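The opening residue of the sequence shown carries number 80 in the numbering used here; numbering runs sequentially from there. Heads up, the beta-carbon is just placed ideally off N, CA and C, and yes, glycines get one too. Since the structure is predicted, the reported quantities are computational estimates derived from the model, not experimental observations.
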Amino acid sequence: MHKPLGAITREDIKGLQQLDVGYRNIQDLAKLEFAINLISLNLAGNRIESIREVENLQNLKYINLAHNHIRDLSPLVKNNERGGLGWGAVVDLRDNPLDLKEGSQAYQDIARLISRGVTVKYGNDREGDDAREWAPQVNVPPNKEWTIKFNMPVDPGTYNHSEHNCQRYQR
80 MHKPLGAITR EDIKGLQQLD VGYRNIQDLA KLEFAINLIS LNLAGNRIES
130 IREVENLQNL KYINLAHNHI RDLSPLVKNN ERGGLGWGAV VDLRDNPLDL
180 KEGSQAYQDI ARLISRGVTV KYGNDREGDD AREWAPQVNV PPNKEWTIKF
230 NMPVDPGTYN HSEHNCQRYQ R
């Protein structure tokens with residue numbers, strides 16, 4: 080937005096497609112719900128606790144929420160259910176105080192987004208910690224050994240491991 084003078088109006092906000100307000104000490108996302116045409120939103124490095132305002136931003140394809148104080152991911156799931164943040168979208172949640180224990184609400188919300196084609200970056204990206212990324216791939220049956228080839232699961236019964244340098248994991 081190129082607006083040299085004057086107050087920012089609701090119409091100005093509606094016209095935004097990209098917004099980068101990372102590392103600006105933001106705590107409150109009031110008025111963001113009017114930015115209905117946002118495609119890319121960077122809110123990294125702020126002091127945000129609630130992301131309720133992103134529920135209705137149905138054009139979002141990328142949102143960076145890393146390095147905040149977010150615990151509740153339900154607005155992202157609601158956004159997805161309303162037609163936003165779909166297949167190919169990226170959500171960065173690294174370094175937030177999320178409860179990522181299996182079965183927790185945050186764990187379930189992340190899994191729900193991934194099952195709908197969203198790439199979710201999460202975990203702790205400080206040195207020595209592993210940041211993790213869940214990306215939509217294919218459904219892999221649990222408790223079966225698979226091989227990762229070109230970042231896709233390959234059934235070991237149909238793939239010759241000795242011919243290729245592959246990593247194996249147990250799911």
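By how many angstroms is the C-alpha of residue j removed from the C-alpha of residue i?
i      : j      : result
Asp178 : Ser129 : 15 Å
Ala123 : Gly182 : 26 Å
Gly165 : Ile115 : 16 Å
Ile87  : Val170 : 27 Å
Ala145 : Glu160 : 22 Å
Tyr186 : Leu192 : 10 Å
Closer than 8 Å by C-beta to residue i: which residues in its own chain qualify, once you throw out the five before and the five after it? Chain order, please.
i      : result
Asp55  : The question about residue 55 has no answer here: the residues shown for the chain are numbered 80 through 250.
Ala210 : Below a pLDDT of 50, predicted positions are generally treated as unreliable, and Ala210, at 48, falls in that range; no measurement from the model is reported.
Take residue i and list the residues in its own chain whose beta-carbon comes closer than 6 Å to its own, dropping the five residues that flank it on each side.
i      : result
Glu134 : Pro154, Lys157 and Asn158
Asn175 : Asn147 and Ile149
Tyr102 : Gly124
Looking at the secondary structure, which residues open and close the beta strand (DSSP E) in which residue i lies?
i      : result
Lys200 : Thr198 to Gly202
Asp171 : Val169 to Asp171
How far does the alpha helix (DSSP H) with residue i in it extend, from its first residue to its last?
i      : result
Lys192 : Reading off the sequence shown, one finds Leu at residue 192, where the question assumed Lys. Element bounds for Leu192: Gln184 to Ser194.
Asp178 : No alpha helix (DSSP H) contains Asp178, which DSSP labels as neither H nor E.
Asp99  : Not the alpha helix (DSSP H): Asp99 falls in the beta strand (DSSP E), residues Gln97 to Asp99.
Asp91  : Arg89 to Lys93
Taking 6 Å as the cut-off, is the C-beta of residue i nearer than that to any heavy atom in the ligand FMN?
i     : result
Asp99 : Only the bare structure without any ligand can be found here, which leaves the ligand FMN out of the picture.
Whose C-beta lies closer than 7 Å to the C-beta of residue i among residues of the same chain, with five residues either side of it excluded?
i      : result
Leu95  : Met80, Ala114, Asn116 and Leu117
Lys110 : Ile92
Arg89  : Phe113
In chain order, which beta strand (DSSP E) runs of at least 3 residues are fully inside the region 122-165? 141-143
With three or more C-beta pairs closer than 8 Å as the rule, is the region 110-121 touching the region 132-145? yes
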